[in-house]
Amino acid sequence: MSTNHRTRMRDQAESVRLLLGDGQPLDADQSGLSANVREMVRESLSRHEALTAVFSELDRVGVGLTVKHWSGNQWAIFLPDASSPGKFRYQVFMANGWVSHFTFQTLDEAVSDAFDSGFRTVAPPETLDQVASTVEWMKGCDRLELITQHNRGEISYSEMLDQFQQVDAKYASAA
0 MSTNHRTRMR DQAESVRLLL GDGQPLDADQ SGLSANVREM VRESLSRHEA LTAVFSELDR
60 VGVGLTVKHW SGNQWAIFLP DASSPGKFRY QVFMANGWVS HFTFQTLDEA VSDAFDSGFR
120 TVAPPETLDQ VASTVEWMKG CDRLELITQH NRGEISYSEM LDQFQQVDAK YASAA
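What follows is the structure in structure tokens.
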């Protein structure tokens, strides 16, 4: 059975009502349901509304859509995957640079996974440009390059830490 990533939260609410509730359709009177089942249905429908809002904006904007994490300190941008033609990714970033990326077969699958990971609200389209123009971002990108060099075995851990101090000094006057 394939998942419809756009309706799965509503489908979840229907399943809760059918399996744990009174077996009635989702739009039937809920007065006979327990408080717990009513709450599970309400939460699933609330998530469905939020997910629908993200997909509506995706339909309008397409790739390049940016969403914000519920914590407020991370964002994700949806892109074609450069390493796997025909696939899509969401790339996670914070104020201090790129954090990670996740690759999927479809754009809808990427959006669905990002939503499950807490990226639930649409961010302004200029978010990445604003974040990437800061000293904190530039410093983080310099550090990321050093981490990559260490992970490749090109520099030792202590060399990486020494170079972190050089990066800190480089940006100290700009902060």
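If you're matching positions, the sequence shown starts at 0 in numbering that gives the first Met the number 0 and goes up one per residue. Idealized CB from N, CA, C, for every residue including glycine.
Which residue wins for smallest C-alpha separation from LYS184, given the options ASP141, PRO123, ARG151, LEU78?
Not covered by the structure: residue 184. The range shown for the chain is 0 to 174.
Simplified DSSP assignment, three categories, for GLY96
Within the sequence shown, numbered from 1, the residue matching residue 96 stands at position 97. It is a strand residue.
Where does ALA75 fall in DSSP's three states?
As a first step, residue 75 is located in the sequence shown; it is residue number 76 there, counting from the start. Correct three-state label for ALA75: strand.
Hey, how far is the Cα of LEU127 from the Cα of TRP136?
Locating residue 127 in the sequence shown gives position 128, where the first residue counts as 1. Locating residue 136 in the sequence shown gives position 137, where the first residue counts as 1. Using only the alpha carbons, I get a separation of about 10 Å.
Can you name the start and end residues of the beta strand (DSSP E) that THR2 belongs to?
Your numbering for residue 2 matches position 3 in the sequence shown. No beta strand (DSSP E) contains THR2, which DSSP labels as neither H nor E.
Tell me the rounded alpha-carbon separation between ASP141 and VAL166.
Here residue 141 refers to the residue found at position 142 when the sequence shown is read from its first residue. Here residue 166 refers to the residue found at position 167 when the sequence shown is read from its first residue. Roughly 7 Å separates the two Cα atoms.
Expressed to the nearest angstrom, what Euclidean distance is found between the alpha-carbon atoms of PRO24 and GLU13?
As a position in the sequence shown, residue 24 is number 25, starting the count at 1. As a position in the sequence shown, residue 13 is number 14, starting the count at 1. One C-alpha to the other measures close to 7 Å.
Touching by the beta-carbon criterion (3+ pairs, under 8 Å), the segment 41-58 and the segment 3-17:
yes
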